[in-house]
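To start, the structure itself, in structure tokens.
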Amino acid sequence: AAHLVAAFGRDVTGRDAGGAKTTIHLPLVIADRGIREVSPGADLLAAVLALPGSRCGVDDVLTVATHPLVRAHFDVDDDMASSWADLVARSEVRWGLDAAHRERRGLAGISEIHTWKRGLERMLLGAALPDAPPRAELGGVVPLADIDTADIPAIAPLVRILSVIQDLEYRTAGRLPVAGWCDAIEAALADLCGQETGDLVEPLASLRRLRGAAEGTAAHAEPVPFEDVRELVTGWLEDKAGRQPLRTGAI
-14 AAHLVAAFGR
-4 DVTGRDAGGA
6 KTTIHLPLVI
16 ADRGIREVSP
26 GADLLAAVLA
36 LPGSRCGVDD
46 VLTVATHPLV
56 RAHFDVDDDM
66 ASSWADLVAR
76 SEVRWGLDAA
86 HRERRGLAGI
96 SEIHTWKRGL
106 ERMLLGAALP
116 DAPPRAELGG
126 VVPLADIDTA
136 DIPAIAPLVR
146 ILSVIQDLEY
156 RTAGRLPVAG
166 WCDAIEAALA
176 DLCGQETGDL
186 VEPLASLRRL
196 RGAAEGTAAH
206 AEPVPFEDVR
216 ELVTGWLEDK
226 AGRQPLRTGA
236 I
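In the numbering used here, the protein residues as written are -14 to 236.
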């Protein structure tokens, strides 16, 4: 789609039959795209739903943390987003929110090294303490070097975003009725984007659709696994938003 927009979604300057200079606009409409391809809110919902039950690797978590809607809510500019990637790499985060999360993934007895919890601890401790040779200060945490208190405003939003992800992940360890899952997902979206954003129309509509589908069924009252909810909603988000009608004059 990006290549088509670059080629056709623009103005072209030429000359008419009389030789006069004229500008022609080439209208372009991209059809047969899924809802998440045309709605930033739906795209964010799909990314959030993919995290619970996963390894919560660096790329997947940063996909949510650096999503345009999340960045807008936390006032994260390009420099701050780039600094996150650098801090995460230097903190040696690999996967897992914490040791308990890794245990739920079947790796009991593994320490918190290379988890998001340990990485954030290293960042915050490094910012709070003066530069010194690396050493385990508290609980085996080695402060991150070359970082100071001026970096805390950049780290704080990442801490808050990880807290939202962690809360949703812990909820998915159990079962809830459909309405409970909808409430939990809506709360996560609100925490990530803010209550007043107008970009959550499509994801909230999908969750209302889910509530309606559960009415009068066992899922309305009986607890169900998160995976069932995710599969259904993700499928809806992949639905085509509509086809481009013929004879509109658009490419």
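Yeah, the Cβ is synthetic: ideal placement off N, Cα and C, and Gly gets one too.
In this text, all values refer to a predicted model and were calculated from it rather than measured experimentally.
Buried or exposed by the 16-neighbour rule on C-beta atoms within 10 Å, applied to residue i
{"i": "ASP(-4)", "result": "exposed"}
{"i": "ASP184", "result": "buried"}
{"i": "GLY104", "result": "buried"}
{"i": "GLY26", "result": "buried"}
{"i": "LEU157", "result": "Looking at the sequence provided, one finds Thr at residue 157 rather than Leu. THR157 comes out buried."}
{"i": "LEU92", "result": "exposed"}
{"i": "VAL144", "result": "exposed"}
{"i": "VAL163", "result": "buried"}
{"i": "VAL186", "result": "exposed"}
{"i": "SER96", "result": "exposed"}
{"i": "LEU231", "result": "Interpretation of LEU231 is limited by its pLDDT of 41, a score under 50 that renders its predicted location unreliable; the figure taken from the coordinates is listed afterwards. Its Cβ having fewer than 16 others within 10 Å, LEU231 is exposed."}
{"i": "PRO142", "result": "buried"}
{"i": "GLY111", "result": "buried"}
{"i": "ALA31", "result": "buried"}
Host alpha helix (DSSP H) of residue i (start-end)
{"i": "GLN151", "result": "137 to 156"}
{"i": "ALA93", "result": "From DSSP, ALA93 is part of no alpha helix (DSSP H); its letter is neither H nor E."}
{"i": "HIS58", "result": "53 to 59"}
{"i": "THR202", "result": "No alpha helix (DSSP H) holds THR202; DSSP gives it neither H nor E."}
{"i": "ILE20", "result": "20 to 23"}
{"i": "THR182", "result": "Taken as a continuous stretch (DSSP letters only), THR182 belongs to no alpha helix (DSSP H), as it is neither H nor E."}
{"i": "LYS39", "result": "Just to set this straight, residue 39 is Ser in the shown sequence, not Lys. Neither: SER39 is in no alpha helix (DSSP H) and is coded neither H nor E."}
{"i": "TRP101", "result": "101 to 113"}
{"i": "LEU322", "result": "Since the first residue of the chain shown is -14 and the last is 236, residue 322 is not available in this structure."}
{"i": "SER76", "result": "Unbroken run through SER76: none, as it is neither H nor E."}
Which residues DSSP lists as bridging residue i, in chain order
{"i": "PRO188", "result": "DSSP lists no partner for PRO188."}
{"i": "PRO210", "result": "ARG160"}
{"i": "GLY(-1)", "result": "THR7"}
Distance between residue j and residue i (C-alpha atoms, nearest Å)
{"i": "THR134", "j": "PRO128", "result": "13 Å"}
{"i": "GLN229", "j": "HIS58", "result": "Because GLN229 carries a pLDDT of 44, less than 50, the predicted location of this residue cannot be relied on, and the following value inherits that uncertainty. For GLN229 and HIS58, the distance between alpha carbons rounds to 33 Å."}
{"i": "VAL209", "j": "ARG90", "result": "20 Å"}
{"i": "GLN180", "j": "LEU36", "result": "22 Å"}
{"i": "GLU171", "j": "LEU114", "result": "38 Å"}
{"i": "MET65", "j": "LEU29", "result": "20 Å"}
{"i": "CYS167", "j": "VAL61", "result": "27 Å"}
{"i": "TRP221", "j": "GLY159", "result": "24 Å"}
{"i": "GLY234", "j": "GLU200", "result": "Annotation note: pLDDT 42 at GLY234 (below 50); position unreliable, coordinate value reported separately. Roughly 43 Å between the two C-alpha positions."}
{"i": "ILE236", "j": "ALA198", "result": "Residue placement at ILE236 is flagged as unreliable, the pLDDT there being 47, under the threshold of 50; a coordinate-derived value is accordingly withheld."}
{"i": "SER39", "j": "ARG21", "result": "20 Å"}
{"i": "GLN151", "j": "LEU82", "result": "7 Å"}
{"i": "SER76", "j": "GLY124", "result": "16 Å"}
{"i": "LEU88", "j": "ALA203", "result": "Residue identity check: residue 88 is Glu in the sequence provided, not Leu. Near 31 Å, if we compare the C-alpha coordinates of ALA203 and GLU88."}
{"i": "LEU192", "j": "VAL218", "result": "8 Å"}
{"i": "PRO53", "j": "ALA206", "result": "36 Å"}
{"i": "VAL78", "j": "THR182", "result": "31 Å"}
{"i": "THR100", "j": "VAL46", "result": "12 Å"}
{"i": "GLY94", "j": "MET108", "result": "24 Å"}
{"i": "ALA84", "j": "PHE211", "result": "21 Å"}
{"i": "THR165", "j": "ASP63", "result": "Here residue 165 turns out to be Gly, not Thr, going by the sequence shown. Each residue's alpha carbon lies about 36 Å from the other."}
{"i": "ILE98", "j": "GLU223", "result": "36 Å"}
CB of residue i within 8 Å of CB of residue j, strictly
{"i": "CYS41", "j": "TRP80", "result": "yes"}
{"i": "GLU154", "j": "VAL126", "result": "no"}
{"i": "ASP131", "j": "VAL149", "result": "no"}
{"i": "VAL49", "j": "ILE146", "result": "yes"}
{"i": "THR8", "j": "ASP1", "result": "no"}
{"i": "ASP73", "j": "VAL33", "result": "The question names Asp, but residue 73 is Val in the sequence shown. No; because the gap between Cβ atoms is not below 8 Å, this pair is not in contact."}
{"i": "VAL55", "j": "CYS178", "result": "yes"}
{"i": "VAL214", "j": "LEU195", "result": "yes"}
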